[in-house]
Amino acid sequence: MNTRIPDYFDEFHCLAGSCPDTCCGQWEIVVDPAAKARYLSVPGPLGEQIRAALTTVDGEDCMVLRDGRCPLLTEDGLCPIVSQLGEDFLSTTCHTHPRFTEIYGGLAETMLSVSCPEAARLLLEREAPLTFVTGTDDRPPEPNDLDGTLMHILLESRETAFALVQDRSRPLADRLALLLCFARRLDRHYDNDRLCSQFSTLYRDPSYQRRQLIRIRRMRLSRSPSVRPLQELLQSMEHLSSQFPAQIGRMRAVRPDTVALEQLTVYFLFRWWLKAVCDGYIWRQAAAVVVSVLAVAGLAENLGDVQLAARLYSKEVEHSEDNMALLRKAMDLPQFSRNALLRQLTQEVPHAI
306 MNTRIPDYFD
316 EFHCLAGSCP
326 DTCCGQWEIV
336 VDPAAKARYL
346 SVPGPLGEQI
356 RAALTTVDGE
366 DCMVLRDGRC
376 PLLTEDGLCP
386 IVSQLGEDFL
396 STTCHTHPRF
406 TEIYGGLAET
416 MLSVSCPEAA
426 RLLLEREAPL
436 TFVTGTDDRP
446 PEPNDLDGTL
456 MHILLESRET
466 AFALVQDRSR
476 PLADRLALLL
486 CFARRLDRHY
496 DNDRLCSQFS
506 TLYRDPSYQR
516 RQLIRIRRMR
526 LSRSPSVRPL
536 QELLQSMEHL
546 SSQFPAQIGR
556 MRAVRPDTVA
566 LEQLTVYFLF
576 RWWLKAVCDG
586 YIWRQAAAVV
596 VSVLAVAGLA
606 ENLGDVQLAA
616 RLYSKEVEHS
626 EDNMALLRKA
636 MDLPQFSRNA
646 LLRQLTQEVP
656 HAI
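Residue numbers for the sequence shown follow my numbering, so the first one is 306 and each next one is one higher.
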């Protein structure tokens with residue numbers, strides 16, 4: 306199996322009891338069958354405590370939350386399974402979080418979720434452009450029916466997307482505008498490998514980029530940008546906590562232009578771009594990336610902290626399959642069209658809306 310991870314992957318270490326936002330809270334922790342079998346065999350008081358915490362929700366075994374936290378957590382925020390039995394005894398969910406792996410046949414890509422405070426710090430406090438490390442392991446490729454031509458297009462075009470977003474010679478808002486135009490062209494010709502390769506070459510050309518930006522600014526992008534469509538989309542999602550809806554209502558329209566938001570953009574591109582291999586909707590993935598960066602920028606303007614905003618957004622949106630499906634589908638709506646999103650990026654926005 307070919308593998309790819311971010312360059313800071315091996316720097317990550319769980320903060321355990323000192324974590325300011327433990328992953329053992331708010332989420333119902335799914336317990337896989339193998340872990341359940343291990344838990345049922347644990348003797349003594351700890352075994353009784355584990356079994357008392359096990360429940361079934363919607364057909365899945367999980368740890369029932371008490372006061373929004375895993376009932377096994379000690380007062381100092383530590384897990385007795387780890388301290389008494391070792392990390393290898395944990396369920397798959399607990400053992401791997403915040404590592405999330407996507408497998409595309411013979412390629413496995415693993416990222417550290419920014420919902421985790423330490424993972425968010427490692428990503429969003431760095432100054433150097435994010436890169437990825439490739440390797441191999443002894444796992445065989447997984448059987449799949451992926452479109453090989455489309456996969457090649459997506460891998461090549463994602464490298465171009467990375468290059469566009471990480472070009473610090475121009476504002477991030479301009480880079481995101483170019484990304485949207487690039488994705489729209491790919492989306493219309495995703496079944497043509499030669500043509501898509503030409504697009505990738507074009508969008509790596511600085512002179513072509515400049516012409517595109519001049520063209521974008523000359524477009525009739527009427528009306529002032531508004532954060533309301535994004536607010537309404539996020540409010541329509543299922544929410545993990547009451548904090549998120551309250552923050553949505555205080556969001557501001559902001560043009561993103563910080564290194565931290567650049568890193569976050571690359572993070573989203575890495576996690577989402579290749580998912581278009583399932584349906585060919587490259588636009589949905591790219592637009593969802595830009596909308597998510599705009600959302601985090603708007604939340605951060607109010608919270609005063611990009612890391613906190615990114616963690617909140619990731620927990621509430623990125624960790625919910627239903628919310629992610631709603632986000633991607635919404636990218637087909639007029640309020641999230643190419644021109645609507647370009648308006649957010651190419652015009653000056655009021656400080657607050």
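Glycine is no exception: its CB is placed at the ideal position from the N, C-alpha and C atoms. Computed from a predicted model, the values in this text were never measured in an experiment.
In the structure shown, Arg-473 adopts coil according to DSSP, grouped into three states. Per DSSP, Glu-407 lies in no alpha helix (DSSP H) segment; the continuous beta strand (DSSP E) that holds it begins and ends at 404-409.
A distance of 8 Å or more separates the beta carbons of Met-542 and Gly-411. Runs of the alpha helix (DSSP H) lying entirely within the region 530-591, each at least 4 residues long, are 533-540, 548-554 and 564-577 in chain order. Following the DSSP letters along the chain, one finds Ala-358 inside the alpha helix (DSSP H) bounded by residues 349-358.
Between Arg-576 and Thr-439, the gap from beta carbon to beta carbon reaches 8 Å or more. Here Leu-460 has Leu-579 as same chain residues with Cβ atoms under 8 Å from its own Cβ, once five neighbours each way along the sequence are excluded. Val-598 sits away from Thr-563, with the two beta carbons spaced by 8 Å or more.
For Ala-340, same chain residues with a beta-carbon under 6 Å away, outside a window of 5 residues either side, are Ser-396 in chain order.
Contact between Ala-592 and Leu-646 holds: CB atoms are separated by about 6 Å, below the 8 Å threshold. Look at Ala-614 here: in three-state DSSP terms it is helix. Classified as buried, Gln-536 has 16 or more neighbouring CB atoms from the shown chains inside 10 Å of its CB.
For Val-335, the secondary structure class from DSSP, reduced to helix, strand or coil, is strand. In this structure, Glu-316 sits near Leu-427, with a CB-CB distance shorter than 8 Å. The C-alpha of Pro-639 lies about 17 Å from the C-alpha of Ala-488. Inter-residue distance for Gly-364 and Cys-319 is about 30 Å (C-alpha atoms, whole angstroms). Within its own chain, the residues whose Cβ lies closer than 6 Å to the Cβ of Asp-492, once the five positions on either side in sequence are excluded, are Ile-587 and Trp-588, listed in chain order. The beta carbon of Glu-606 sits closer than 6 Å to those of Arg-557 and Val-559, all from its chain and outside the five residues before and after it, given in chain order. Going by DSSP, Arg-309 is part of the beta strand (DSSP E) stretching over 307-311. Within the model, the alpha-carbon separation for Arg-480 versus Arg-356 is close to 52 Å.
Setting aside the 5 residues that flank it on each side, Asp-452 is surrounded in the same chain by Val-582, each with a C-beta closer than 7 Å to its C-beta; the list follows chain order. By the Cβ-count criterion, Glu-392 is exposed, with fewer than 16 other Cβ atoms from all chains shown falling within 10 Å of its own Cβ. Apart from sequence neighbours up to five positions away, the residues of its chain that approach Ala-358 with a beta-carbon distance below 7 Å are Met-368, Val-369, Pro-376 and Leu-377, ordered along the chain. In the DSSP assignment, Asp-366 falls within the unbroken beta strand (DSSP E) covering 365-368.
Under DSSP, Glu-414 forms a beta bridge with Arg-309 and Glu-407. Ranking Phe-314, Arg-523, Thr-401 and Gly-585 by CA distance to the CA of Ile-334 puts Thr-401 first. In the DSSP assignment, Thr-439 falls within the unbroken beta strand (DSSP E) covering 437-441. Judged by DSSP secondary structure, Asp-498 falls within the alpha helix (DSSP H) whose first and last residues are 498-507. Collapsing the DSSP output to three states places Thr-361 in a strand. Assignment of beta-bridge partners to Arg-522 by DSSP yields no partner. Each residue's CA atom was taken as its position, placing Cys-486 and Arg-475 some 16 Å apart. Shown here, Arg-444 sits in coil according to DSSP, grouped into three states, outside any helix or strand.
Between the region 608-620 and the region 493-510, the count of Cβ pairs shorter than 8 Å is below three; the stretches do not touch. Annotation: the continuous alpha helix (DSSP H) that includes Arg-633 extends over 626-635. Residue pairing for Arg-371: DSSP places it in a beta bridge opposite Arg-374. Looking at the backbone, the Cα of Tyr-409 and that of Glu-447 are separated by about 8 Å.
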